[in-house]
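Chemist: With the numbering used here, letter number 240 in the sequence shown gets 239, and the count goes up by one each step, no holes.
Below: one structure in C-alpha cells.
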Amino acid sequence: MAQRSTRQYSIELLRAIAIIAIAIFHTFLPYNETAEALSHIYNAGALTALGWIGFLGAAGNHVFFLISGYFLIPRCAQALTHPSWAAFRVQCAKSFGRALRLLAILLFYALILLAISTWIVPLPGISAASLSWLGMNLEFIWLYIVFIAITPIVALLWQAASKHRSMIVLALFVLTYLINGYIAFVSPDDAARSLLSWRKLMSGWTYCMTYVGGAALSDWTRKRPLSRRKCRTALIVVAAFSIAVCGIYAVNNNVDVLIALSYRSTSLISFLLALTAFCFARTYTNQPKQSVGTAIVLKTAQSTLAFYIIQSLSWTSWQAFIGAVLASILASAPASWGSFFGIGILFSAAFIAVATLFDQLIRIPLFNLIRKHTRSSQRR
0 MAQRSTRQYS IELLRAIAII AIAIFHTFLP YNETAEALSH IYNAGALTAL GWIGFLGAAG
60 NHVFFLISGY FLIPRCAQAL THPSWAAFRV QCAKSFGRAL RLLAILLFYA LILLAISTWI
120 VPLPGISAAS LSWLGMNLEF IWLYIVFIAI TPIVALLWQA ASKHRSMIVL ALFVLTYLIN
180 GYIAFVSPDD AARSLLSWRK LMSGWTYCMT YVGGAALSDW TRKRPLSRRK CRTALIVVAA
240 FSIAVCGIYA VNNNVDVLIA LSYRSTSLIS FLLALTAFCF ARTYTNQPKQ SVGTAIVLKT
300 AQSTLAFYII QSLSWTSWQA FIGAVLASIL ASAPASWGSF FGIGILFSAA FIAVATLFDQ
360 LIRIPLFNLI RKHTRSSQRR
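Here is the structure:
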C-alpha cells in the first residue's frame with residue numbers, strides 16, 4: 000500500500016496475490032474462527048485446505064506491512080541521517096500526507112456505504128447512530144494508517160540504534176512470537192475478543208514488528224544480495240511445511256490446534272510465508288512488457304486498500320449471502336467440497352474485480368480531479 004516512485008512489478012504482483020489470499024480467507028473466516036464451526040467437518044482434505052487458507056490470509060496481511068516497512072522506514076531514515084528539526088518536519092509532513100490520503104479513502108467508502116444504508120437499502124450494522132462499524136473490522140486499516148503516520152519517529156529510533164538495530168529487532172521478534180505462542184496455546188481468551196484483549200493487542204504489536212522487520216530486511220539485503228534460487232527454495236520449504244502441518248492436524252481432526260496456529264498476525268508460519276514470498280519477489284527486478292495481464296495486476300495492486308475497506312465495512316451483508324450459500328452446500332449429503340471451495344473462491348475473485356473496477360473508474364479519477372483542482376487553487 001505504500002506509494003513508491005518506481006514500482007517493481009513482482010512486488011505489485013505479490014500485493015495482488017496477497018489481497019486475493021485475504022479475500023478468500025475472509026470468505027471462509029467463519030470456518031476458521033471457531034472449532035464449533037468446523038466440528039461437523041471430518042474430511043481431512045477439506046480441513047487441510049481451510050487450515051492453509053487461514054495461513055495464507057494471515058500471510059497476506061503481513062505482506063503489506065513488510066513491503067511498507069522495507070521501503071518507507073529506510074527512505075525516511077536516510078533523509079534523517081543528519082537529523083534536524085527542519086528535516087524531521089519535512090518527513091512528518093510526507094508521512095502525515097500519506098496517512099491522510101489513506102484516511103480519505105476510508106472515509107470515502109464509509110460515506111458511500113452509509114448513504115446506501117440510509118437511503119437505498121439498509122446494511123446491517125451501518126448507520127449514523129453509531130460509529131462502532133468503523134472500528135473492529137478495520138483494525139488492519141487503522142494500524143496501517145498509524146504506522147505510516149509515525150514512520151518519522153520510527154526512523155529516528157532506527158538511526159539512533161544503527162549499530163545494534165538488527166539484534167534488537169531479532170530479539171523483539173523472538174519475544175513477540177514466544178508470547179504469541181503462549182497466548183495461542185495456553186491463554187487464548189474467549190472467541191468474542193475485545194480490542195483490549197491480549198490477543199488483539201498482540202496482533203497489533205506483531206504487525207508493528209513486521210513493519211519494523213521490513214526495515215531490518217532492507218538493511219540485510221543491501222549488504223547481502225538475495226539469491227533467487229535460495230529464496231525460491233525457502234518459499235517452497237515453508238509452504239510445504241505449512242501444508243504438512245495442516246494435513247497432520249486435519250487427519251487427527253485437531254481443529255483447535257489448527258485455529259491456534261493460524262490466528263491472523265500472531266501466526267509465525269504465516270509471517271514466514273510472507274517473508275519468503277517477499278524475498279522471492281524482490282529478486283525479480285526486470286519489468287515485464289505491457290499487456291492486459293500486467294495492467295490488471297497493477298490496477299488490482301493499486302486498489303488493494305479500497306477492496307479491503309469495502310470488504311471489511313460491508314462484512315455483515317456479504318458474509319450473510321455467501322455464508323448461506325456455503326452452508327447449503329455443506330448441508331447436502333454428501334457435501335460437495337469442490338463446490339464449497341470453488342464457489343467461495345469465485346465469489347472472492349468477483350468481489351475483488353467489482354471493488355477494483357469501482358475504485359479505478361470512480362474513486363481514483365475523482366481524487367485525481369480534486370487533487371488537480373487543489374493544486375491549481377494553491378498556485379493562484
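In this text, a Cβ means the ideal position worked out from N, Cα and C, and glycines have one as well.
These numbers were taken from a predicted model, which means no experiment stands behind them.
#1: Please report the straight-line C-alpha distance between Arg14 and Gly59, rounded to a whole angstrom.
#2: Grouping DSSP H, G and I as helix and E and B as strand, with all else coil, what is Ser327?
#3: Return yes when the Cβ of Pro73 is within less than 9 Å of the Cβ of Ala214, no when it is not.
#4: Using a Cβ-Cβ cut-off of 7 Å (strictly less than) and excluding sequence neighbours within five positions of Val250, which residues of its own chain qualify?
#5: Measuring only the C-alpha atoms, how far is Cys278 from Arg221?
#6: Could you give the DSSP three-state label for Ser9: helix, strand or coil?
#7: Quick test of your reading: Val237 and Thr275, contact by CB under 8 Å. State the CB separation rounded to the nearest angstrom.
#8: Considering only residues of the same chain and omitting the five flanking positions on each side of Arg3, which have a CB-CB separation below 6 Å?
#9: What do you get for Ile235, buried or exposed, if any count of 16 or more other CB atoms within 10 angstroms of its CB means buried?
#10: Once DSSP output is grouped into helix, strand and coil, what is the label at Ser129?
#11: Please check the pair Trp118 and Gly124, which I expect to be a contact at CB under 8 Å, by giving their CB distance rounded to whole angstroms.
#12: Give the DSSP-derived three-state secondary structure of Tyr283 in the structure shown.
#13: In this structure, does DSSP put Leu271 in helix, strand or coil?
#14: Looking at the unbroken alpha helix (DSSP H) that takes in Leu122, where does it start and where does it end?
#15: For Ile375, count the other beta carbons within 10 Å of its own beta carbon; 16 or more makes it buried, fewer makes it exposed. Which is it?
#16: Do Ala354 and Phe320 come within 9 Å of each other at the CB atom, strictly closer than that value?
#17: For the alpha helix (DSSP H) that contains Phe107, what are its first and last residues?
#18: Would you call Gln289 buried or exposed, if buried means 16 or more other Cβ atoms sit within 10 Å of its Cβ?
#19: Would you tell me roughly how many angstroms separate the C-alpha atoms of Ser161 and Leu171, rounded to the nearest one?
#20: Residues in its own chain within less than 6 Å of Thr299 by CB, not counting five upstream and five downstream?
#21: Among the residues of its own chain, which have a CB less than 7 Å from the CB of Glu11, if the five just before and after it don't count?
#22: Suppose contacts are defined by Cβ-Cβ distances below 9 Å. Is Gln7 in contact with Arg228 by that definition?
#23: Which residue wins for smallest C-alpha separation from Ile144, given the options Gly203, Leu110 and Ser129?
#24: Quick one: what does DSSP say Val296 is sitting in, helix, strand or coil?
#25: Under 9 Å, do Ala127 and Leu113 count as touching if we go by C-beta distance?
#26: CA-CA distance, Ile328 and Gly53?
#27: In the DSSP assignment, the alpha helix (DSSP H) including Thr232 goes from what residue to what residue?
#28: Please go through the same chain and pick out, in chain order, the residues whose beta-carbon is closer than 8 Å to the beta-carbon of Ile167, but skip the five residues on each side of it.
#29: Buried or exposed: where does Ile23 fall if 16 or more other Cβ atoms within 10 Å of its Cβ makes it buried?
#30: Just mark Thr80 as buried or exposed, buried being the case when its beta carbon has 16 or more other beta carbons within 10 Å.
#31: Just tell me which of Val185, Leu169, Ala109 and Ala57 has its CA closest to the CA of Leu312.
#32: Considering only the beta carbon of each residue, do Tyr176 and Thr284 sit closer than 9 Å?
#33: Can you list, in chain order, the residues of its chain whose CB lies under 6 Å from that of Arg231, leaving out five sequence neighbours each side?
#34: By the three-class DSSP mapping on this structure, what secondary structure does Thr80 have?
#35: Compare the beta carbon distance of Thr209 and His61 with 9 Å and say whether it is the shorter of the two.
#36: Would you tell me roughly how many angstroms separate the C-alpha atoms of Thr373 and Pro364, rounded to the nearest one?
Modeler: If we stick to the structure as given:
#1: Cα to Cα, the separation comes out at about 8 Å.
#2: For Ser327, the three-state secondary structure derived from DSSP is helix.
#3: Contact: yes.
#4: Once the five neighbours on either side are set aside, the close Cβ partners of Val250 are Ala43.
#5: So the alpha carbons of these two residues sit roughly 13 Å apart.
#6: Here DSSP, grouped into helix, strand and coil, assigns Ser9 to helix.
#7: So it is a contact: roughly 5 Å between Cβ atoms.
#8: Annotation note: pLDDT 44 at Arg3 (below 50); position unreliable, coordinate value reported separately. Phe70.
#9: Exposed, since its Cβ has fewer than 16 Cβ neighbours within 10 Å.
#10: DSSP, read as helix, strand or coil, puts Ser129 in strand.
#11: Incorrect: roughly 17 Å between the Cβ atoms, too far for contact.
#12: Tyr283: coil per DSSP, three-state reduction.
#13: Of the three classes helix, strand and coil, the one that applies to Leu271 here is helix, per DSSP.
#14: Counting along the chain, Leu122 falls outside any alpha helix (DSSP H), and DSSP gives it neither H nor E.
#15: At residue 375 the sequence reads Ser, which differs from the Ile that was named. By the neighbour-count rule (16 or more Cβ atoms within 10 Å), Ser375 is not buried but exposed.
#16: The beta carbons of Phe320 and Ala354 sit no closer together than 9 Å.
#17: That run of the alpha helix (DSSP H) goes Trp84 to Ala114.
#18: It counts as exposed.
#19: Just so you know, the alpha carbons of Ser161 and Leu171 end up roughly 16 Å apart.
#20: If we look at Thr299 and ignore the five residues flanking it on each side, its Cβ neighbours are Ala15 and Thr355.
#21: Cβ within range, chain order: Val296, Leu297 and Ala300.
#22: It is not a contact, given that the beta carbons lie outside the stated cut-off.
#23: Ranking the options by Cα distance to Ile144, first place goes to Gly203.
#24: In the structure shown, the three-state DSSP call for Val296 is helix.
#25: Their beta carbons are under 9 Å apart, which means Ala127 touches Leu113 by this criterion.
#26: Cα-Cα distance, rounded: 20 Å.
#27: Secondary structure note for Thr232: its alpha helix (DSSP H) is the uninterrupted segment Arg227 to Val250.
#28: Correct list, in chain order: Ala160.
#29: It counts as buried.
#30: Under this definition Thr80 is an exposed residue.
#31: Ranking the options by Cα distance to Leu312, first place goes to Ala109.
#32: No, these two residues do not count as a Cβ contact at 9 Å.
#33: Closer than 6 Å at Cβ, skipping near neighbours: Phe279.
#34: Of the three classes helix, strand and coil, the one that applies to Thr80 here is coil, per DSSP.
#35: Taking 9 Å as the Cβ cut-off, Thr209 and His61 qualify as a contacting pair.
#36: CA-to-CA, the gap between Thr373 and Pro364 works out to about 14 Å.
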